[in-house]
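Novice: Residue numbers (the numbering used here), protein chains in the order written: chain A, -1 to 501; chain B, 415 to 1029; chain C, 618 to 784; chain D, 3 to 102.
Glycine is no exception: its CB is placed at the ideal position from the N, C-alpha and C atoms.
Bear in mind that the values here come from a model prediction, so they are computed numbers and not experimental data.
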Amino acid sequence: MEGLPILSIIMLSPLAACIVLMFVKEESIKLIRGIAVSATSISLMFALYILFAYDKAKGGYQFVEKIEWVKSLGISYHLGVDGISVAMVVLTSFVIFTGVFVSWVGIKHRIKEHYIFLLLLVSGVFGVFTSLDLVFFYLFYELAVIPMYPLIGIWGSANREYATMKLTLYLSFGAVFALLGILSIYFTAGQMTGQYTFDMTQIGKLSFEANYQKWVFLPMLFGFGVLVPLAPFHSWSPIGHAAAPSAVSMLHAGVLMKLGAYGIIRIAMGLLPEGAQFWMPVVAVLCLINIFYGGVVAMTRKDMKFMIGYSSSSHMGYVLLGMATLNYIGMNGAVLLMFAHGIMTALAFALIGYVYDQAHTRMAYDFSGLAHKMPFIAVAFAVMGFASSGLPGLANFVSELMIFIGAFRTYPFQTVIAVFGIIITATYMLRALRNVFFCQSMPEWEHLKDATTFVERFPYIVLIAVLFIVGFYPAILIDVINTGVVPLVDKINGVSTIAKAGM
Amino acid sequence: MVSWLILFIPLIAAVLITFVTRKQKDLSSYVSIGAVVLCFILSIDPILTLLKDPHMKPVEQGFSWINIPGLHVEIGTLLDPLSILMLFVVTFVGSLIHIYSRGYMHGEHGYSRFFACMSLFIFSMLGIVLANNFIQIYIFWELVGLSSYLLIGYYFEKPSASDAAKKAFLVNRVGDFGFILGIFVLFQATGTFNFIEINHILEKGGIPESTIYIAALLIFCGAIGKSAQFPLHVWLPDAMEGPTPVSALIHAATMVAAGVYLLARTSLLYHFSPDAMEVVAYIGGFTALLAAVIAVAQNDIKRVIAYSTLSSLGYMVMAMGVGGMTAGMFYLTTHAFFKALLFLAAGSVIHALHTQDIWEMGDVFKKLKTTGTTFILGSLAMAGVFPFSGFWSKDEILTIAFTSHHYFLFTIGILVAFVSAFFMTRLVFVTFFGKGRYHGHPHESPSVMTVPLVILAFFAVVAGFAGMPWIEPNFGSYIAGPLHGGHGEHGFNLFVAGLSTAVVIAGIALGYIVYCKELKSDPLAKNVLYNLAHNKFYFDEFYDNIIVAKVYNGIGRICNFAEVNFIIIFFVNGFAYLTRETGKVLRLTTTGKLQHYALVMVAGVVVLVLFFGVL
Amino acid sequence: MELIFFYIFAIVALASAIAVISIRNPVHSAIFLMVCFLQVAALFVLLRSPFLAAVQIFVYVGAVMVLFLFAVLILDLGRERFGEYLHHQSPIAIIVVVGLIFVIGLGLARGKLDAPLGKYTEAELVKNIEVTGELLYTKYVFPFEVISLLLLVAMVGAIVLVMKERK
Amino acid sequence: MITLSHYLILSLILFSIGIAGVLLRRNIIIVLMSLELMFNSINISLAAFSHFLQSMTGRIFVVFTITVAAAEVAVGLAILVAVYRQRKTVYIEELDEMKH
């Protein structure tokens, strides 16, 4: 594999599939699905390859590809992954891979266009996670956000026009602030060195003035925070989830929200360490709104997609709390939770979508006793619910535990509330499980069918397997993530690597 | 190596049942039974080691599970007298109950599911027992909660079972909330999760006393949840919705005792914080009394035993609190035998009569000889009649309470002994004697069920002798090693033994007087106290209607109201409104006249030149 | 001598330009525009750029003017229909134009030419047609191609716009 | 002696006259003519700079400008004809579709 542009392959294979799909006839559904599956499985394969091939001893950015693009502006096509991005790339590839299978069952019309947009979006996501150039980062960021508009607008369910409009506007609004921050960093860095460059690794070596960092960190935090979503700018997310078709919800909650957190980690915190030190305590307070408030609102919601939507924003609160700790444990936990929550929430939306496609309602009180009719789905839902409420053995537990341990040092009070959040999560998950799947079955749901065929079951099995594997053996990811977290945290806390070596 | 095998065999069995033998019901049950019996056989070796050498060194093994700078979490096993004792209790009682279940669950829908969950439970319970650090104990702590949830909700088509399962899990979560925070506090203070390392640091006095106090109380929260102590006791009686073997294994013999085990595991912590111990003792004592009183007024056979379990757990916790760590563990062991026996025998009765209401039973002793005999033996043990096992263990606790000058708690203990004797007598007489109020033709259960009953009955009778104060080495001296603050030599206090025997006899006599008649319904039913107890002092109503419905859901509704009316309207629609209105104003500038635009453009140029070119 | 010619050309050019924008009859305006173009061509000669002068005459006086006249004739535009000469934004427009003259004039007055001189001598500049050709096909070949393309597009566009759709 | 300033002032005045035409006249044809005036004024200054700086760049640019101007006139007049066919008017004030 030496010399192969692996990251480009991961990123471009969905894009290539998009282009190929444009020339395929609308009617040849099998071919369309085949192309989508093969493109995403290529990404998945290579993503797993980089997970195992990443040299943990060496650390830093690996699999680097760099091609000058606009020399005069210092823009280059520069890809590379560190431990944090490896985890995110693996997450994305899993979610899209299963998402393709879920749409296989769920999407009935305009199949070709659906896959084109889906793959385009994913290619943008891969791009964000692998770019080391700010311009490309932003470009891919927008590429990941914009296809949401048609995806929800065309294939969405109730209230889709409102939802897609709101979602796109919110995210673009946020992106503008992020762009302002990026440009400001570009010019300031250029003035400092005399050499204008968008290369993150170059800019990362500079240390900006403390006051400047404080001021620029804020728009970045806001811009990326909207996508996380940081309360109180979260309201686009539940409604967007609710309107989106399953595969899109999966990607949206599973991956897109992580873009925001990743942006904060990679750009805001990575380039402005002192800004991070100044602002992250504020985030530690704001994230409580996410955790607690999102949790209790989720508890009151009867529409299951809304419930999971608010639950996502609640869980992203944990991610933010972990990031705010600014120590190894919390940061590792935050990144791992991004992974775990991505998988878990993708599973959740896939399952709810599966039920919705058949029953055409998502209201928890409309159902009863579905476990009799669809035992497989019920078991999968239970696994998801328990994962979400942080049950050991599943990936979420490890990450939440690490976040709590990390946070307890710095923010004991916040940690208490955050830990209380897992009770809230358990409450609504178990309530949903009881109302929807347990108790007597109802005659009007006699026609519902369980997932029986391989294609129907496959995505759920894959996602559940990932949750279990990471839950049982978290080191598989943590060891890699840690190589990315340590230099970042050291930088923020002002520990130079040389000083550390001397210790 | 053996310990790892013991730990993982049940898990393998659970996985095997889930994925391979789900369709072959018999095979599933054999796999599950085989696994737990194998665990029992494997644990004989450590038991023998312990018996040979009461002062054995703890054997610790572990591998790194999470390892990043600042955080090292192990998954490991710790074999010391305490865990070996629990290993024995869990695998032995577990084996018997598994075998019993094969008969009891016969013909149930989801037979394989039952055994898979049972194996999962054994795995989780052994995980708690063998854990060598706090994180691991918390992990398995949650996992037993999961298996408990799955098994309580076994009849998931029944709303009451689903609700009970949910309630059990959530109430436990509330306890675990404190537990995990306690773990964090300890980690903060010591930098490790390992029991032995923490104990070393504690012995060296490396932790400030206030921290110990907080940590001890928080960790006790976990015990409150799992061992169903007041105020989180409400889930255990509801948990009787599960199949009876589950009640026997999980909600009587093993899982609920995990809280007591946790207290024993962390005994050094409490040793260094007498204040925390007081809290533990009083909570335990209060729970014991409360549950015993409620048990008097229950009519469901399983619920009566459930409340008696609560009461016993309260007793154990109280023992831990007054410093009788070995006594508590001793009670835990004997309790496991006789309470499992009581549940299984009750299950056998239910199996025969298809009802759980004791007022629809009566006069079945003749029909169910084995069941009846074993049940009575269990009751005697539970009531603490000399020389049954319950007597010895209870006596030890009372003695410690007395000698450590906790006279109030001692009084409570005596009172509980009296009430326990009373309600056990009531249960025995109403269920097995008096007037026959049952329907149908009951007959004795198959031998796959009765044989475990007999074995358990044997242990319920004789297990107490292991703890007789005047034999040496006795139970206490074996397990005293890892326990702190409650070393075995309490001796035998004739006053305490005499008093407790007297009240027990009084209780039985009172029960006999009240209930040994041809009764149709409870003669005490008109009593105010009875009604209060019958309604469990309205704790459930208080929690459901006030805490959950008003406070918990109320917060949810308030937030949701805020979300809909404030966040959406203000932040979302507000921004949209602002944009739209600005647009309306700015639209006036769009006249559509080309020359207006050109004019503005030129004027703009003039201004720009003025600013940047000239000035 | 040159100065005199410069003033003549300049004054005629300005006068005809003013005439272009102030005369009501579009045909007359077009004629004055042509006069103005011719003066500019003459100025190019004064600037030692005979090639530009030629291009100016070919393109502007030859092509552009003809287009204008065609347009005026095709659309059959007589005198303006509006009675009043100025419309309501005129006063502001005049102020702005005066302002523009003022600020740029100010800039001119203050400005100072300090850019480095180029490499072409006076003699070379006179026979600059060769140089122009060489540069167009070497250094500026890319813009040259783009501009050619633009011209082509404009041509196609103009035809498409004017062409009547077939029924 | 003619100086650069001479040409620049001429160019400025010519340019301003062009702008005045654009802003004041109603007839689109006249507006287009005014645009041509502005082009010419720019050409003058480009050529003048080129001359006084002894470089060729300005002259080359004049060539380009003239080309663009020609293209612009062609397209502009074509649009004008098309608009006239539709609306039967060449007066700017009556062409305010952009408002809607």
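Are T738/C and F668/C touching if we call contact CB-CB under 7 Å?
Specialist: Not a contact, by the Cβ cut-off of 7 Å.
Novice: For W479/B, count the other beta carbons within 10 Å of its own beta carbon; 16 or more makes it buried, fewer makes it exposed. Which is it?
Specialist: Burial call: buried.
Novice: Measure the alpha-carbon distance for M654/B versus P866/B and round it to whole angstroms.
Specialist: Answer to the nearest angstrom: the Cα atoms are 20 Å apart.
Novice: Less than 7 Å between the beta carbons of M248/A and G383/A, yes or no?
Specialist: Not in contact: M248/A and G383/A (Cβ atoms no closer than 7 Å).
Novice: Give the secondary structure of V353/A by DSSP, where H, G and I count as helix, E and B as strand, and everything else as coil.
Specialist: In the structure shown, V353/A sits in a helix (DSSP, three-state: H, G or I).
Novice: For the segment 419 to 439 of chain B, enumerate the residues whose C-beta is nearer than 8 Å to any C-beta of chain A, in chain order.
Specialist: Within the segment 419 to 439 of chain B, no residue has a Cβ that lies closer than 8 Å to any Cβ of chain A.
Novice: Compute the Euclidean distance between the alpha carbons of H901/B and P468/B, then round it to the nearest angstrom.
Specialist: Residue confidence for H901/B is low, a pLDDT of 49 falling below 50, so the modelled location carries little weight; the figure read from the coordinates is stated next. Roughly 14 Å between the two C-alpha positions.
Novice: When the Cβ atoms of the segment 228 to 246 of chain A are set against those of the segment 161 to 171 of chain A, are three or more pairs found closer than 8 Å?
Specialist: These segments touch.
Novice: Within 10 angstroms of its Cβ, does G589/B collect 16 or more other Cβ (buried), or is it exposed?
Specialist: G589/B is buried by the Cβ-count criterion.
Novice: Short of 7 Å Cβ to Cβ, which residues in the segment 996 to 1016 of chain B face chain D?
Specialist: The segment 996 to 1016 of chain B vs chain D, Cβ under 7 Å: T1004, T1005, G1006, K1007, L1008, Q1009, A1012, L1013 and V1016.
Novice: Closest to L119/A by C-alpha separation, out of S439/A, M198/A, T90/A and K106/A, would be which residue?
Specialist: Selected option, being the one with the closest Cα: T90/A.
Novice: Measuring only between beta-carbons, confirm whether L1024/B sits less than 7 Å from chain C.
Specialist: Yes, its Cβ sits closer than 7 Å to a Cβ of chain C.
Novice: Listing by chain order, which chain B residues have their CB less than 9 Å from the CB of I94/D?
Specialist: By Cβ distance, chain B contributes K1007, L1008 and Q1009.
Novice: Beta carbon of S681/B, beta carbon of H765/B: below 7 Å?
Specialist: No, these two residues do not count as a Cβ contact at 7 Å.
Novice: Residues in the same chain with beta-carbon distance under 7 Å from D954/B, minus the five sequence neighbours each way, listed in chain order, please.
Specialist: If we look at D954/B and ignore the five residues flanking it on each side, its Cβ neighbours are V648.
Novice: Starting from F477/B, trace the beta strand (DSSP E) both ways and give me its first and last residue.
Specialist: Residues V473 to I482.
Novice: Does DSSP put M470/B in a helix, a strand or coil?
Specialist: Residue state, collapsed to three classes: coil.
Novice: Which term fits I712/C, buried or exposed, when burial requires 16 or more other beta carbons within 10 angstroms of its beta carbon?
Specialist: I712/C comes out exposed.
Novice: Going along chain D in order, which residues have a C-beta closer than 9 Å to the C-beta of T749/C?
Specialist: What T749/C touches in chain D: M58, R61, I62 and V65.
Novice: Please report the straight-line C-alpha distance between A636/C and A647/C, rounded to a whole angstrom.
Specialist: Distance between the alpha carbons of A636/C and A647/C is about 10 Å.
Novice: Run through DSSP, which three-state label would Q60/A get?
Specialist: Residue state, collapsed to three classes: strand.
Novice: Are any of the Cβ atoms in chain D nearer than 7 Å to that of E619/C?
Specialist: Yes - at least one Cβ of chain D is within 7 Å of the one on E619/C.
Novice: For A405/A versus L319/A, is the C-beta distance shorter than 7 Å?
Specialist: Cβ atoms of A405/A and L319/A: closer than 7 Å.
Novice: Can you tell me whether L399/A is buried or exposed? The criterion is at least 16 other CB atoms within 10 Å of its CB, across all chains shown.
Specialist: Label assigned to L399/A: buried.
Novice: On the three-pair Cβ rule with 8 Å, is the segment 175 to 183 of chain A touching the segment 272 to 287 of chain A?
Specialist: Flag = no, the segment 175 to 183 of chain A and the segment 272 to 287 of chain A do not touch.
Novice: Quick check: what's the CA-CA separation for F824/B versus G698/B?
Specialist: When rounded, the distance between both Cα atoms is 12 Å.
Novice: For the 8 Å Cβ check, are there 3 or more pairs between the segment 405 to 424 of chain A and the segment 598 to 611 of chain B?
Specialist: Because the criterion of three Cβ pairs below 8 Å is met, the segment 405 to 424 of chain A and the segment 598 to 611 of chain B touch.
Novice: Drop a sphere of 10 angstroms on the beta-carbon of G619/B, count the other beta-carbons inside from all chains shown, and report buried for 16 or more, exposed for fewer.
Specialist: The residue in question, G619/B, is exposed, as its Cβ has fewer than 16 Cβ neighbours within 10 Å.
Novice: How many whole angstroms separate the CB atoms of T784/B and V868/B, which I take to be in contact at a CB cut-off of 8 Å?
Specialist: That pair is a contact at about 7 Å.
Novice: Using only alpha-carbon positions, find the residue among I772/B, F752/B, T1005/B and H855/B that is nearest to K808/B.
Specialist: Looking at the Cα atoms, F752/B is the closest of the given residues.
Novice: For the alpha helix (DSSP H) that contains G221/A, what are its first and last residues?
Specialist: Unbroken alpha helix (DSSP H) run through G221/A: A208 to L225.
Novice: What are the boundary residues of the beta strand (DSSP E) that includes H1010/B?
Specialist: Element bounds for H1010/B: not the beta strand (DSSP E) but the alpha helix (DSSP H), L1008 to L1022.
Novice: What residues in the segment 455 to 476 of chain A have a beta carbon less than 7 Å from any beta carbon of chain B?
Specialist: Going along the segment 455 to 476 of chain A in chain order, one finds P472, A473 and I476 with a Cβ nearer than 7 Å to chain B.
Novice: The alpha helix (DSSP H) with L461/A in it runs from where to where?
Specialist: L461/A -> alpha helix (DSSP H) spans F452 to F470.
Novice: Tell me the rounded alpha-carbon separation between S47/D and A632/C.
Specialist: C-alpha separation (whole angstroms): 19 Å.
Novice: Of the residues that make up the segment 20 to 35 of chain D, which ones have a beta carbon closer than 7 Å to any beta carbon in chain B?
Specialist: Listed by position, the residues of the segment 20 to 35 of chain D near chain B (Cβ gap below 7 Å) are I21, V24 and L25.
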